[in-house]
Amino acid sequence: DKGGHSHYMAKEIHEQPEVIAHTLAYYIDPAKPAVRERDVKLAKAFAEATSLTVSACGTAFYAGMIGKYWFEKLARLPVEIDVASELRYRDPVYPKGGMALFISQSGETADTLAALRDAKAHGQTTIAVVNVPESSIAREADIVLPTFAGPEIGVASTKAFTCQLAALAPLAIAAGKARGFVDEAAEKKLCAALLEAPRHIVEFLKQEPKLRQIAQGVAKARDVLYLGRGANYPLALEGALKLKEISYIHAEGYAAGEMKHGPIALIDENVPVIVIAPHDALYEKTVSNMQEVMARGGKVLLISDKTGLDAAGAQVWKAVEVPAADPFITPLLYAVPVQLLAYYAAVAKGTDVDQPRNLAKSVTVE
Ligand code: F6R
């Protein structure tokens with residue numbers, strides 16, 4: 244049942260306010276607001292941890308990359324991150340007393356499962372963020388943190404991704420608290436900001452017709468670049484992956500500051516450059532990279548909030564406005580325009596959105 248939508252992917256994009264709220268409610272007590280002390284074992288492990296290794300595949304990996312920024316910032320925990328298909332063959336140095344976090348919607352991804360087993364064999368305390376509670380990864384991890392996305396039918400991950408973020412963010416706060424870097428006031432502020440995410444997404448979804456129209460322009464391109472900085476850099480990677488997998492447009496995500504180290508040579512009027520730049524501490528830097536693109540004739544689609552769009556001026560090709568929010572939660576919000584652009588680009592191209600060619604929902608082969 245697609246609930247009145249043309250594709251499961253559209254339905255699942257629209258379910259996000261609700262399923263994110265469910266996931267947040269499991270980890271955050273809204274009355275305080277504060278993280279729930281569900282797992283004494285988890286708090287103790289974080290308090291004593293020497294490091295955190297994060298691993299996953301595809302979109303789940305990008306959720307983990309965003310998590311890395313949060314864990315470093317809030318919990319001052321050294322984070323090592325790699326895709327599971329590399330980590331497991333790399334002979335990584337697992338520190339004594341380390342923790343390892345694996346993220347998977349299906350809980351059955353073969354490489355992620357193998358990486359988890361390897362980390363466990365090397366004495367790491369393993370945590371799994373999974374959407375399917377009875378999955379192999381959930382069974383084998385020491386600590387299981389569920390997401391409440393519900394069944395995800397579309398092959399391209401949307402609501403599972405934002406629910407992974409909605410589990411990782413409270414986890415980073417809890418880790419920060421356990422390690423003495425997040426005090427009560429900070430915890431309250433961060434939790435309150437997170438609880439606002441569903442409302443902001445509802446608000447943003449009203450702009451869907453506009454996104455559809457912009458995506459029709461994007462669909463004409465052969466190549467697209469996505470740029471972001473900080474926790475929005477993984478979102479640039481996710482945006483490029485979404486475009487590739489469902490619209491078959493070649494897209495690459497880049498850290499905004501890396502543009503001038505090579506990819507800027509690709510810029511001309513045929514390559515849309517999608518810039519993810521909320522008006523946060525990194526805005527000025529990202530916008531200066533954006534201006535370098537425009538100076539070379541590149542056409543920019545800027546995704547920002549009102550302040551960010553106003554400050555950027557009128558020269559951008561297209562602008563998408565996301566509600567202003569605490570910088571901590573912007574990856575959750577900016578995920579939605581990124582999904583809608585890919586979705587409507589695919590619809591414009593007439594591809595099989597829910598069943599893209601060559602892809603399977605769950606990758607149980609190595
Ligand atoms: C992309 C996508 C894949 C999955 C990846 C991991 O839209 O869905 O990249 O994220 O195959 O799958 P899980 O999360 O089931 O381990």
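Per the UniProt record's numbering, residue 244 is the first one in the sequence shown, and the count goes up by one each step.
Note that beta-carbon positions come from the ideal geometry of N, C-alpha and C, so glycine has one too.
Under three-state DSSP, which class holds residue i?
| i | result |
| --- | --- |
| S531 | helix |
| E329 | helix |
| A585 | helix |
| S490 | helix |
| A554 | helix |
| E609 | coil |
| K561 | strand |
| L388 | strand |
| A410 | helix |
| E501 | helix |
| V398 | coil |
| V336 | coil |
| G393 | coil |
| I572 | helix |
| E377 | coil |
| V536 | helix |
| T594 | coil |
| I510 | coil |
| A358 | helix |
| F549 | Inspection of the sequence shows that residue 549 is occupied by Lys rather than by Phe. Three-state DSSP puts K549 in a helix. |
Pull the bridge partners of residue i from the DSSP assignment, please.
| i | result |
| --- | --- |
| V543 | V516 |
| C342 | One detail in the question is off: residue 342 reads as Met in this sequence, not Cys. L295, T368. |
| G423 | In DSSP, G423 forms no bridge with anything. |
| G496 | Y469 |
| V322 | L295 |
| S349 | Looking at the DSSP assignment, S349 forms no beta bridge with any residue, so it has no partner. |
Taking just the CA atoms, how far does residue j sit from residue i?
| i | j | result |
| --- | --- | --- |
| L448 | K254 | 12 angstroms |
| P335 | N532 | 34 angstroms |
| V563 | E427 | 35 angstroms |
| A538 | Q598 | 39 angstroms |
| V581 | V518 | 10 angstroms |
| V283 | E488 | 40 angstroms |
| S378 | A358 | 15 angstroms |
| residue 239 | D595 | With the chain covering 244 to 609 only, the question about residue 239 has no answer from this structure. |
| A591 | H493 | 15 angstroms |
| T296 | M308 | 11 angstroms |
| Q348 | S294 | 24 angstroms |
| D466 | R279 | 45 angstroms |
| P413 | A264 | 12 angstroms |
| A286 | A343 | 14 angstroms |
| Q259 | Q407 | 11 angstroms |
| I457 | E527 | 25 angstroms |
| V326 | F304 | 6 angstroms |
| A603 | A554 | 42 angstroms |
| A421 | L438 | 21 angstroms |
| F571 | E383 | 31 angstroms |
| V606 | V579 | 24 angstroms |
| A435 | P273 | 8 angstroms |
| L552 | P394 | 36 angstroms |
Skipping 5 residues on each side, what residues in its chain have a beta carbon closer than 7 angstroms to that of residue i?
| i | result |
| --- | --- |
| A415 | G310, W313, F314, L317, A318 |
| A508 | none |
| V608 | A353 |
| G340 | E291, A292, T293 |
So, for residue i: in the same chain, excluding its five sequence neighbours on each side, which residues have a beta-carbon less than 6 angstroms away from its beta-carbon?
| i | result |
| --- | --- |
| K363 | T369 |
| I510 | V536, R539, G541 |
| A462 | A588, A591, K592 |
| T529 | R472, A499, A520 |
| V372 | I346, L388, Q407, A410 |
| residue 222 | An answer regarding residue 222 cannot be provided, because it is not within the stretch 244 to 609 covered by the chain. |
| A306 | I346, F404, Q407, L408 |
Grab me the residues of residue i's own chain with a C-beta within less than 8 angstroms of its C-beta, minus the 5 sequence neighbours each way, in chain order.
| i | result |
| --- | --- |
| C300 | V326, A327, S328, S347, T352, D354, T355, V606 |
Inset, instruction - Output the residue ranges of the beta strand (DSSP E) runs that lie fully inside the region 250-316 and measure 3 residues or longer, sorted by chain position. - result: 295-299
Legend entry - 3 or more residues per run - each beta strand (DSSP E) lying fully within the region 425-484: 466-471
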